[in-house]
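> Numbering (this note's numbering), first residue to last: 75 to 383.
(1) Where does residue 145 land, buried or exposed, given buried means 16+ other C-beta within 10 angstroms?
(2) May I ask which residues mark the beginning and end of the beta strand (DSSP E) holding residue 81?
(3) Report the three-state DSSP secondary structure of residue 197 (helix, strand or coil).
(4) Closer than 6 angstroms by C-beta to residue 149: which residues in its own chain qualify, once you throw out the five before and the five after it? Chain order, please.
(5) Whether or not the region 294-309 and the region 352-371 are in contact is what I'm after, with contact meaning three or more pairs of Cβ atoms, one per stretch, closer than 8 angstroms; do they touch?
(6) Can you check which of these residues, 265, 200, 231, is closest to residue 107 by C-alpha distance?
(7) Identify, in the order they occur along the chain, each residue of the same chain with its Cβ nearer than 8 angstroms to the Cβ of residue 344, setting aside the five sequence neighbours on each side.
(8) Are the region 292-300 and the region 233-241 in contact at 8 angstroms, needing three or more beta carbon pairs?
(9) Locate the beta strand (DSSP E) running through residue 122, then write down its first and last residues.
(10) Taking only three categories from DSSP, how would you classify residue 93?
(11) By a C-beta neighbour count over all protein chains shown, 10 Å radius and 16 as the cutoff for buried, is residue 185 buried or exposed?
(12) Give the range of the alpha helix (DSSP H) segment to which residue 310 is assigned.
(13) Starting from residue 359 and walking both ways along the alpha helix (DSSP H), at which residues does that stretch end?
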């Protein structure tokens, strides 16, 4: 199964591209967005910052304390021994959080700042990246909704979690699982691939895994559990995993849009009618998160609990 490619610029004025987006969300549960609004120079600069951060000693990285349960430093674990992540919540709305994050980890000024333009000559790299990916995530989510005929949902105030992920693979780990099969809990996840190192695989409807080759300058968009529930079951929350394919380090960035700020998840009225009855009751995102974390709860059980019966 090939991942559909969606041209962001064409989404703005071409109905055919919007249809392609809807079909990708419904059938594949993921798509790759190209010709977007995040400068490739900023993507490259953010990768340099990420490398600096993950090269820090563990005792420094542990200073990245969680603001919400999904954020903060995540060290290698028994389940995912090759995976570690640093995360920052609400990256686009709180410059103070970015400053605190940088100060905790000792990010030097040359790593914090980048000359983007004459109008913003001293914009911080992390802050600039946060603003750029927030604009993209909001626009992509809005277009996903529009593809279903929904105009009532405003994604502008949906907080983002930004996670810098490092996989430390070696010769002995080739063929091993970097992160087990799962679905994201998000509405949508925007993933900036490692430009050179693959390993991500998605599951098709037959249950087979398919490799997703990296593509420089693009973002891979993955539909999560909230996206599936919000869309009244229309969007497919795709299962995926990461395998070690070669003995090297793999760096990726995940931008997760989970829920509205109040946490309430509800299916828009535009998606409910006599032919499409409401599948799920409204619920709070935190209930979903806690269920998934506790004993690694299966989504099917949670969906049965919130089924509109």
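Even for Gly, the Cβ is constructed at its ideal location relative to N, Cα and C.
Quick answer:
(1) buried
(2) 79-81
(3) Per-residue confidence for residue 197 stands at a pLDDT of 41, beneath the threshold of 50, marking its modelled position as unreliable; the derived number appears in the next sentence. The answer is strand: DSSP assigns residue 197 an E or B state.
(4) 158
(5) yes
(6) 265
(7) 222, 223, 224, 225, 226
(8) no
(9) From DSSP, residue 122 is part of no beta strand (DSSP E) but of the alpha helix (DSSP H) over 114-128.
(10) helix
(11) Note on residue 185: pLDDT 48, under 50, position unreliable in the model; no value is reported.
(12) No alpha helix (DSSP H) contains residue 310, which DSSP labels as neither H nor E.
(13) 359-367
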